[in-house]
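Participant: Let me give you the structure first, and then I'll get to my questions.
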Amino acid sequence: MDLDRKSQIIKTAVKRFARHGLGKTTLEEIAGDLRIGKATIYNYFTSKEELFYKSLNWDSNIILEDIKNIFSNADNTFEYNFIQYFNYKTTMLEKYKLIYDLTILLFQDSTHEKEKEILKNMLNEEEKIVQTVLTNELKKNKKTVGIKSVRNIVLTSWGLTYSNQLNMIKDEGKELKLDEIALGMLNNI
């Protein structure tokens, strides 16, 4: 039951932090959302900041699981899954606002060391997932993939999150043709 309660607190905190940020969110509000006392939160977390960092880790772990699930879908072709990986990144703003906002924050101010470390760990894990998937796929064609190519794919996929938003502003609601971009990258490995 303790693990369930801790998970409930983190899930609720993710929503609250995503809406209001660390500064404007209080433990009282999170406790109120859960209909528990603030003291109950302190049974699991020493501070609001600790809960915030656990929330960031929670969301980043879900993102990594989603990416694994996209690539492990054996019902689709590898190319289709690769396109889905890129399409998935365009949902960051609506699905994972906490992580999306974290990347924006770090663009503006890179002094947040703990937050930077969480994002860096997530990106490193994402690179490992993409490296494994690409290596397995390219072995079939007796090709190899270097870490620079993998890093370019991962970073480009994140860049498309923001590029798609900008394109929708510029071209009044038109989304980028991510399938063409994804396949172009795949063909250039």
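Each residue of the sequence shown is one higher than the one before, starting from 1133 at the first, in the numbering used here.
Quick reminder that beta carbons are idealized off the backbone N, C-alpha and C, glycines included.
(1) Excluding five sequence neighbours on each side, which residues of the same chain lie with their C-beta closer than 8 Å to the C-beta of L1318?
(2) Determine, using beta carbons only, whether L1188 and I1261 come nearer to each other than 7 Å.
(3) Do K1229 and A1145 have their beta-carbon atoms positioned less than 7 Å apart in this structure?
(4) To the nearest angstrom, report how far apart I1173 and K1156 are at their CA atoms.
(5) Whole angstroms is fine: what's the gap from Q1216's alpha carbon to T1243's?
(6) Between the C-alpha atoms of L1237 and N1208, what's the straight-line distance to the nearest angstrom?
(7) Assuming T1235 and N1296 are in contact, meaning their beta carbons sit under 8 Å apart, how far apart are those beta carbons, in whole angstroms?
(8) So, are the CB atoms of E1258 and V1286 less than 7 Å apart?
(9) Please return the same chain residues whose Cβ sits closer than 8 Å to the Cβ of E1307, not counting the five positions on each side in sequence.
(10) Starting from the C-beta of I1202, find all residues in its chain whose C-beta is less than 8 Å away, skip the five residues before and the five after it, and write them out in chain order.
(11) Run through DSSP, which three-state label would Y1228 get?
(12) What is the rounded straight-line gap between the Cα of K1275 and the Cα of K1200?
(13) First and last residue of the alpha helix (DSSP H) that includes S1204?
(14) Enumerated in chain order, which unbroken segments of the alpha helix (DSSP H) with a length of 4 residues or greater are wholly contained in the region 1217-1266?
(15) Go ahead and label F1177 buried or exposed: buried means 16 or more other beta carbons lie within 10 angstroms of its beta carbon, across all protein chains shown.
(16) Among N1175, W1190, E1182, which has the Cα closest to the Cα of D1134?
Facilitator: Taking the structure as given:
(1) E1211, F1214
(2) no
(3) no
(4) 17 Å
(5) 33 Å
(6) 36 Å
(7) Not quite, the Cβ-Cβ distance comes to about 14 Å (not below 8 Å), so this is no contact.
(8) yes
(9) T1222, N1296, N1299, M1300
(10) N1213, Q1216, Y1217, Y1220
(11) coil
(12) 22 Å
(13) Where S1204 is concerned, there is no enclosing alpha helix (DSSP H), given that its DSSP letter is neither H nor E.
(14) 1224-1227, 1229-1240
(15) buried
(16) N1175
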